[in-house]
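Throughout the sequence shown, residue numbering follows our numbering, covering 42 to 311 in sequence. Working notes, beginning with the structure itself.
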Amino acid sequence: MKKLIALFAMFMGLYTSHAAKVDTVAVQSQRMKKQVKTVVISPENEQAKAVLYLLHGYSGNYSNWVQRAPRLKELVDTYGFLVVCPDGGFDSWYWDTDRTEYQYESFITKELLPYVEKNYHVTASRSHRAITGLSMGGHGALYLAFRHQDLFAFAGSTSGGVDIRPFPNNWNMKQRLGAYHEHPAVWDEHTVIELTHLIQPGNLQLFIDCGTEDFFFGVNNKLHEKLTYLNIPHHYLTMPGKHDWNYWSRSIDFQMAFFNQCFQQTNAVK
Numbered sequence: 042m043k044k045l046i047a048l049f050a051m052f053m054g055l056y057t058s059h060a061a062k063v064d065t066v067a068v069q070s071q072r073m074k075k076q077v078k079t080v081v082i083s084p085e086n087e088q089a090k091a092v093l094y095l096l097h098g099y100s101g102n103y104s105n106w107v108q109r110a111p112r113l114k115e116l117v118d119t120y121g122f123l124v125v126c127p128d129g130g131f132d133s134w135y136w137d138t139d140r141t142e143y144q145y146e147s148f149i150t151k152e153l154l155p156y157v158e159k160n161y162h163v164t165a166s167r168s169h170r171a172i173t174g175l176s177m178g179g180h181g182a183l184y185l186a187f188r189h190q191d192l193f194a195f196a197g198s199t200s201g202g203v204d205i206r207p208f209p210n211n212w213n214m215k216q217r218l219g220a221y222h223e224h225p226a227v228w229d230e231h232t233v234i235e236l237t238h239l240i241q242p243g244n245l246q247l248f249i250d251c252g253t254e255d256f257f258f259g260v261n262n263k264l265h266e267k268l269t270y271l272n273i274p275h276h277y278l279t280m281p282g283k284h285d286w287n288y289w290s291r292s293i294d295f296q297m298a299f300f301n302q303c304f305q306q307t308n309a310v311k
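This is the structure we're talking about:
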């Protein structure tokens, strides 16, 4: 963690231009029978080999990150990897459900990744892919990474809803999973904290952060404790902050620094 913070501090002192290229593309989803808007942020040199998939939160959309955390463009130029922000729907939680329009797990893993790797000059390998997000998107990033370790080598979450069960009446989740008291097993299968058994030793590098005044702070601590108990290596950062863009605009610096380290290690091995 000290190396991560030192790296972040070093880059904070560098001058970087705001020349990152921002595209909004419409990715056709055959599974959901619709087009999904997606923001793609490319570094100035447009020679990125690695990709970070960055997910938005509940009630948000594909444009949130680039609009609410404009420093993201500067960070893309500094680190030189692609950032892709797909629309995850108002309340999808990035699950597949029995409704055609809610197949976001399949969309990201089976449609979005191939689209990005066909249309941008990035390397199509798990060691060049990372995924993270905020709130609902933090849950979604870990949920997808735990279940698809063949696709992602690195994953994170900022202010993530990493255990949904303490909030059975919130954020339209019961419309997707059924009522918790009637379908507890289904909720267990769709909550990140109950999927840690899927993590293969040494297969995922993880970075999790949360503000100390966030209503998800408790469940993030529980996930950290469980990962520690299971001897699953991970980085866990807490900072003062609430569940808002003031916090996420700061936390993205640490997230980006972490994934940059991951991608640099991949290149060093080669």
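Ideal Cβ placement from N, Cα and C applies to all residues, glycine included.
Which of helix, strand or coil DSSP assigns to residue i
| i | result |
| --- | --- |
| K90 | coil |
| K74 | coil |
| A196 | strand |
| Q144 | strand |
| D118 | helix |
| D255 | coil |
| M53 | Bear in mind that a pLDDT of 49 at M53, under 50, signals an unreliable position, so the number given afterwards is only what the model happens to contain. Of the three classes helix, strand and coil, the one that applies to M53 here is helix, per DSSP. |
| T150 | helix |
| D191 | coil |
| Q241 | coil |
| P207 | coil |
| H265 | helix |
Expected contact under 8 Å - CB spacing of residue i and residue j to nearest Å
| i | j | result |
| --- | --- | --- |
| I149 | Y161 | In fact, because the Cβ distance is near 16 Å, the residues do not count as touching under 8 Å. |
| L96 | G178 | 3 Å |
| S147 | D137 | 5 Å |
| F195 | Q246 | 5 Å |
| L116 | W106 | Not a contact, Cβ separation roughly 11 Å. |
| H265 | I240 | Their Cβ separation, rounded to whole angstroms, is 14 Å, which puts H265 and I240 out of contact at 8 Å. |
| L93 | V124 | 5 Å |
N-terminal and C-terminal residue of the alpha helix (DSSP H) that residue i is part of
| i | result |
| --- | --- |
| M280 | Looking at the DSSP string, M280 is not in any alpha helix (DSSP H); the run it does join, the beta strand (DSSP E), is H276 to M280. |
| L247 | Per DSSP, L247 belongs to no alpha helix (DSSP H); it is in the beta strand (DSSP E), Q246 to G252. |
| V233 | No alpha helix (DSSP H) contains V233, which DSSP labels as neither H nor E. |
| N160 | L154 to N160 |
| F131 | First-last for F131: undefined, no H or E at that position. |
| R217 | M214 to L218 |
Residue i - containing beta strand (DSSP E), residue span
| i | result |
| --- | --- |
| T173 | R170 to G174 |
Residues that residue i bridges to, as DSSP identifies them
| i | result |
| --- | --- |
| P84 | Note: P84 sits in no beta bridge, so no partner. |
| T65 | V80 |
| L123 | V92 |
CA nearest to the CA of residue i, picked from the options
| i | options | result |
| --- | --- | --- |
| V81 | C251, S104, D132 and A298 | S104 |
| Y277 | F295, P207, P225 and A67 | F295 |
| I273 | S290, A298, N261 and P242 | P242 |
| Q71 | A110, Y143 and A61 | Y143 |
Residue-chain proximity (residue i, chain C), Cβ-Cβ < 8 Å
| i | result |
| --- | --- |
| M297 | The displayed structure is made up of one protein chain only, and chain C is not part of it. |
Residue i CB to nearest heavy atom of the ligand GDP below 7 Å
| i | result |
| --- | --- |
| G252 | Within the structure as shown, the ligand GDP is missing, as the structure has no ligands at all. |
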